[in-house]
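Contents: one structure, followed by commentary.
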Amino acid sequence: MPGLVLTGYPSCGKTTFAELLSAQALSHETKIVKSTVIINEESARPDKTLRECYLNSTEEKLTRSALKSEFDKHIKDPNKLVILDSMNYIKGFRYELHCISKAAGQKHGVIWTLNREDIAKAWNEDRSKHSDKLNYFYTSEMMDELMSRYEPPDQRNRWDRPLYRVDVHSTLPTQVFEKLGLPVVLTSDGDDEDETGNAASAALNRSVYNMHSLSDAIRDTSQSKVVTTSIGTKSGFKRRIGKVSKTLVKTENKESFEKNSEQKSEKGAKCEEKTTEREIKSMEALIKVILDSFLLDVVPLKAGLSTSIQRNAETNVLHDVDSISQKTMNAFISAQKNISAGGGRIIVPIGSSGESRSFDLRRQVQAIEVKRLRRQYVKWVTSNPPKDSSEEGIANSFLSYLGNQI
1 MPGLVLTGYP SCGKTTFAEL LSAQALSHET KIVKSTVIIN EESARPDKTL RECYLNSTEE
61 KLTRSALKSE FDKHIKDPNK LVILDSMNYI KGFRYELHCI SKAAGQKHGV IWTLNREDIA
121 KAWNEDRSKH SDKLNYFYTS EMMDELMSRY EPPDQRNRWD RPLYRVDVHS TLPTQVFEKL
181 GLPVVLTSDG DDEDETGNAA SAALNRSVYN MHSLSDAIRD TSQSKVVTTS IGTKSGFKRR
241 IGKVSKTLVK TENKESFEKN SEQKSEKGAK CEEKTTEREI KSMEALIKVI LDSFLLDVVP
301 LKAGLSTSIQ RNAETNVLHD VDSISQKTMN AFISAQKNIS AGGGRIIVPI GSSGESRSFD
361 LRRQVQAIEV KRLRRQYVKW VTSNPPKDSS EEGIANSFLS YLGNQI
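Under full-length UniProt numbering, the first residue of the sequence shown carries the number 1, and numbering increases by one thereafter.
Here it is as structure tokens:
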């Protein structure tokens, strides 16, 4: 069944989002999802608290290994939607999850839950004071370290596609900010087509992995839309722009400069107005858009040659193939004694049932060549076992192989 991987800052609202996603998936109009499972640190390592799971690098590795194992176990169920509710902040780990879904031939998607850094820290602090679960929160040092080491997803990478970006901040009512004692500001720059742009850029600037052209790609508004093809939306390279002549700058007249200044002032006033008139979005509506796209448009991944499971022959079948092909080979060599060097028709008995098979040979095949072809056939059968493993079936399979080779 499909696998959705959540990623984002610690304490940014992923668990609440995962629970809503699970409930809406079960009630989705397509009725594709029969059951759901949410995998997190609590279910993967029940003997450890959240703080202990990320106490040091060794515990982090064990946590990622446990999460990956649970994901691998559940993704093979054809009637279950698997939701991995964790930070999944390392791109190499997200690549491993993508490979697991690919090997299972299932759909795979990444949901980036965006939120302001100060809100995530405030929620974590509030959880440390009022949570019923012991140590089910991070220390302030852990929060800073995990945020700085967060590797943002990039839709240009096949393991991060399709990438859905959800701004949790835009769904919070004003009362939440008042309770936390935080200001109400927009995470976007006022443009409806770029509602998650500034939040994503803030996450990138906070990360120590702010490098290459990821900053340009992360501002690309198409990353918050759904991409179901295997081709990236934007190249990571840009053509170098030549130097602009200084004489062009001097020709700019005063009128156009004042006009641009007025436009910038108007844009700033509009942004301030939008800040005061903040539109609260529905989390349920955002989830519906994601489910509609993911369940209806996304194509299941196809396993490559490196991850496909080869169908190998059983040991007893290989033993039968070796003995029956040896017997059939001897019968084939003996049947050639009655024809000339220029070839002719021979009749080879098949098994002990009394059946036979005729061959029209254009030349007499030497015994050493037949023995070499039999060895090749036995080796080929290890990965391509015959459908009929009876004596007649194996003999027919070997003779067909001989007929194609000589």
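Glycine included, every Cβ here is placed at the ideal spot set by N, Cα and C.
Could you check which residue in the options has the C-alpha nearest to that of residue i?
i: residue 407; options: Tyr95, Asp77, Tyr150, Ser11; result: The structure shown does not extend to residue 407, since the chain spans only 1 to 406, so no value can be given for it.
i: Ser170; options: Leu163, Leu114, Ala202; result: Leu114
i: Lys281; options: Gln175, Val168, Leu295, Met147; result: Val168
i: Val378; options: Ala104, Lys288, Glu96, Ser323; result: Ser323
i: Glu145; options: Asn56, Arg116, Val365, Asn316; result: Asn56
i: Gly8; options: Thr63, Gly92, Leu81, Val110; result: Val110
i: Cys53; options: Met87, Ser340, Gln24, Leu180; result: Met87
i: Leu402; options: Ile75, Ser358, Glu391; result: Ser358
i: residue 408; options: Pro162, Asn40, Leu172; result: The displayed coordinates of the chain run from 1 to 406. Any statement about residue 408 would go beyond what the structure contains.
i: Ile119; options: Pro349, Val176, Trp112, Ala18; result: Val176
In the DSSP assignment, the beta strand (DSSP E) including residue i goes from what residue to what residue?
i: Asp167; result: 163 to 167
i: Lys288; result: No beta strand (DSSP E) holds Lys288; the alpha helix (DSSP H) holding it covers 283 to 296.
i: Lys14; result: Premise fails: Lys14 lies in the alpha helix (DSSP H), 14 to 26, not in any beta strand (DSSP E).
i: Gly304; result: Here Gly304 belongs to no beta strand (DSSP E), and DSSP marks it neither H nor E.
i: Lys91; result: Segment 91 to 104 is the alpha helix (DSSP H) holding Lys91; no beta strand (DSSP E) there.
i: Lys80; result: 80 to 84
Would you call residue i buried or exposed, if buried means 16 or more other Cβ atoms sit within 10 Å of its Cβ?
i: Val185; result: exposed
i: Phe257; result: Low confidence applies here, because Phe257 scores a pLDDT of 45, under 50, leaving its location unreliable; read the following figure in that light. Label assigned to Phe257: exposed.
i: Leu26; result: exposed
i: Gly159; result: Just to set this straight, residue 159 is Trp in the shown sequence, not Gly. It is buried - the Cβ of Trp159 has at least 16 other Cβ atoms within 10 Å.
i: Ala44; result: buried
i: Arg362; result: exposed
i: Ser353; result: exposed
i: Arg372; result: exposed
i: Lys14; result: buried
i: Arg345; result: exposed
i: Ser35; result: exposed
i: Arg156; result: buried
i: Trp380; result: exposed
i: Gly342; result: exposed
i: Gly3; result: buried
i: Pro162; result: buried
i: Asp40; result: The residue asked about is misnamed: residue 40 is Asn in this sequence, not Asp. Its Cβ being crowded by 16 or more others within 10 Å, Asn40 is buried.
i: Leu296; result: exposed
i: Thr382; result: exposed
Need the endpoints of the alpha helix (DSSP H) that residue i sits in, please.
i: Leu50; result: 50 to 53
i: Ile75; result: 57 to 75
i: Ile394; result: 391 to 405
i: Ser43; result: 41 to 44
i: Ser11; result: First-last for Ser11: undefined, no H or E at that position.
i: Asp144; result: 140 to 148
Is residue i helix, strand or coil by DSSP?
i: His130; result: helix
i: Leu180; result: helix
i: Val321; result: helix
i: Thr113; result: strand
i: Thr328; result: helix
i: Ser35; result: strand
i: Thr171; result: helix
i: Lys107; result: coil
i: Lys387; result: coil
Report whether the distance from the Cβ of residue i to the nearest heavy atom of the ligand SAM is below 8 Å.
i: Ala200; result: Among the components of this structure there are no ligands whatsoever, and the ligand SAM is therefore not found.
Margin query: Quick check for students: name the residue ranges of the beta strand (DSSP E) that lie wholly in the region 339 to 384, counting only runs of 3 or more.
Written below: Counting whole runs of 3 or more residues, the region 339 to 384 contains the beta strand (DSSP E) stretches 344 to 350, 355 to 361.
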